[in-house]
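Take a look at the structure set out below.
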Amino acid sequence: MIPHFYILGSKTERPVSRRTIFTDGAPDATFRPGIDVELSHWIPNTTPDVYAADTSTEICMNFISQNDTDGWDLAINNHVDVDGVLAVFTLVHSKQAMLHRETIIQAAEMGDFSNWGNHAAQILYQGLTVLMDDLKAKKTDTQHVYEACFKQTFSLLEGRTDDVRVVQGMEALQQSVNRVESGGILRREVHARFAHYHIPSTLVKASLAKTLKIPAFNEEIKDDMWLHPQVRNRLDKEKIQLVSAEAEQGWYYDVWYPGYMWADTPHSWRAPGFIFNGSTNGYMYGYEPLEAAVRTLQKLETANGTWMLAHELSPFSSISGRNFPVVLSFLSENNQPAASELPPERVVLILASAFE
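When we follow my numbering, the leftmost residue of the sequence shown carries the number 416, and every step to the right adds one.
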């Protein structure tokens with residue numbers, strides 16, 4: 416257990432430290448090679464391979480399970496999100512963290528990657544997210560945000576919450592699951608690395624906004640989507656996912672890459688095309704088989720619009736008018752989703768072949 420923590424940017428006093436653990440965010444200029452250690456999945460990082468994992472939280476779990484933490488006296492992060500909070504929580508409240516290892520890791524994956532999580536992880540993720548959002552809206556000092564989140568984490572791990580938004584988020588996820596399991600939204604595994612989800616016209620007519628929404632990074636789960644990414648990632652986390660939606664004038668299309676692709680994730684499939692650009696968590700995108708498929712789609716397309724492929728990516732940005740981790744969409748001239756006239760069976764065949 417690490418006795419102190421500090422969040423860079425806080426106006427509180429930073430503790431003096433003999434040996435510091437910088438976790439999740441990138442270290443600042445005070446990092447001392449050979450004295451301090453980085454435990455992060457941000458790219459680039461210097462995390463020792465022996466602790467490597469997909470989230471910073473799991474990296475910290477590996478660290479405390481393999482080390483006597485005597486001598487380490489300060490944990491530092493530089494931002495507020497669920498993985499960051501839980502990474503520091505793991506270092507500071509190690510005993511409690513290890514008791515709930517899988518729940519905490521899954522909640523961190525929900526935050527950074529929109530992964531699926533079990534019931535307990537959903538409570539933890541949603542409870543922390545709404546609290547963080549509330550405190551950030553009040554411009555609460557980041558150190559105090561973490562303190563409040565730690566207190567809330569203890570309650571959430573016991574399943575205790577009185578915030579109706581937690582229940583509402585979990586209900587929204589379950590409704591999304593039910594749509595897929597009942598066939599209301601069609602799912603097809605085309606091959607081991609490609610899945611197709613189809614949203615029918617009845618849902619599109621009911622709400623185009625819920626059809627086309629792409630949630631922001633670490634966003635509160637709400638009943639504002641027909642098909643949440645967490646639900647798709649329940650079965651198809653390590654696949655390219657094509658989402659089509661039937662409208663009166665044609666079909667909307669988005670191609671989703673795995674949500675973890677922005678991070679250093681040694682335990683998950685690395686989909687092709689991401690090229691680190693030298694900036695923290697920033698990438699250029701280039702994958703010739705998909706580029707060739709896009710050229711084919713554009714040649715066949717008869718609707719007004721463009722099959723738009725991403726060229727630069729970060730956890731917070733992708734194609735203009737869409738968001739990460741979507742890498743390909745059919746868009747209008749003002750970069751808004753538009754209806755293609757190509758039917759799904761044709762689009763699936765062309766795109767899936769790019770990833771075989």
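The C-beta atom is built at its ideal place from N, Cα and C for all residues, glycine as well.
Restricting to Cα atoms, I'd like to know which of the options is closest to residue i.
i	options	result
ILE765	ALA707, ASP451, SER735	ALA707
HIS643	GLN511, ASN692, ARG761, TRP671	TRP671
ASN749	PRO740, ILE734, PHE739	ILE734
ARG737	ALA769, PRO630, GLY697	PRO630
GLU517	THR472, THR461, ALA607	THR472
GLN664	ASP578, LYS620, ALA468, SER683	LYS620
ASN477	ALA512, ASP639, GLN645, GLU428	ALA512
ASP577	HIS419, LEU543, GLU596	LEU543
Please return the same chain residues whose Cβ sits closer than 7 Å to the Cβ of residue i, not counting the five positions on each side in sequence.
i	result
PHE632	PRO730, PHE731
VAL605	HIS611, VAL763, ALA767
MET699	ILE690, ASN692, HIS726, GLU727
Is the beta carbon of residue j closer than 8 Å to that of residue i?
i	j	result
ASP498	ALA523	yes
ILE688	TYR675	The residue you asked about is not Ile; residue 688 is Gly in the sequence shown. Result no, Cβ atoms of GLY688 and TYR675 do not sit closer than 8 Å.
ARG649	TRP531	yes
GLU661	PRO704	no
THR626	TYR667	yes
MET416	VAL507	yes
GLU635	ASP549	no
THR568	VAL503	no
For residue i, count neighbouring C-beta atoms within 10 Å of its own C-beta (all shown protein chains included) and say buried if the count is 16 or more, exposed if not.
i	result
GLY449	exposed
ASP669	buried
MET723	buried
GLN481	exposed
VAL582	exposed
LEU514	exposed
ALA536	buried
SER591	buried
THR680	buried
GLU453	buried
LYS652	buried
VAL431	exposed
For residue i, which residues in the same chain have their Cβ closer than 6 Å to its Cβ, ignoring the five residues on either side in sequence?
i	result
VAL658	TYR612, ASP669
SER747	GLY720, ALA753
THR492	Before going on, a small fix: residue 492 reads as Asn here, not Thr. Excluding positions up to five away in sequence, the list reads ILE422, THR438, ASP439, GLY440, GLY499, VAL503.
TRP684	GLU653
CYS603	Before going on, a small fix: residue 603 reads as Arg here, not Cys. Result list for ARG603: HIS611, in chain order.
Less than 8 Å between C-beta atoms, sequence neighbours within five positions excluded: which residues of the same chain meet that for residue i?
i	result
GLN713	THR721, TRP722
GLY574	ALA535, ILE538
THR711	ILE765
If contacts are defined as beta-carbon pairs under 8 Å, then residue i and residue j qualify, I think. What distance do you get, rounded to the angstrom?
i	j	result
ILE538	LEU571	5 Å
LEU743	LEU715	About 15 Å separates the two Cβ atoms, so there is no contact after all.
ASP496	GLY526	6 Å
THR470	ILE436	Actually they do not touch by this definition, with Cβ atoms about 15 Å apart.
ARG608	PHE446	Not quite, the Cβ-Cβ distance comes to about 38 Å (not below 8 Å), so this is no contact.
ARG594	GLN541	The pair is not a contact, with the Cβ atoms about 19 Å apart (cut-off 8 Å).
ALA678	TRP457	7 Å
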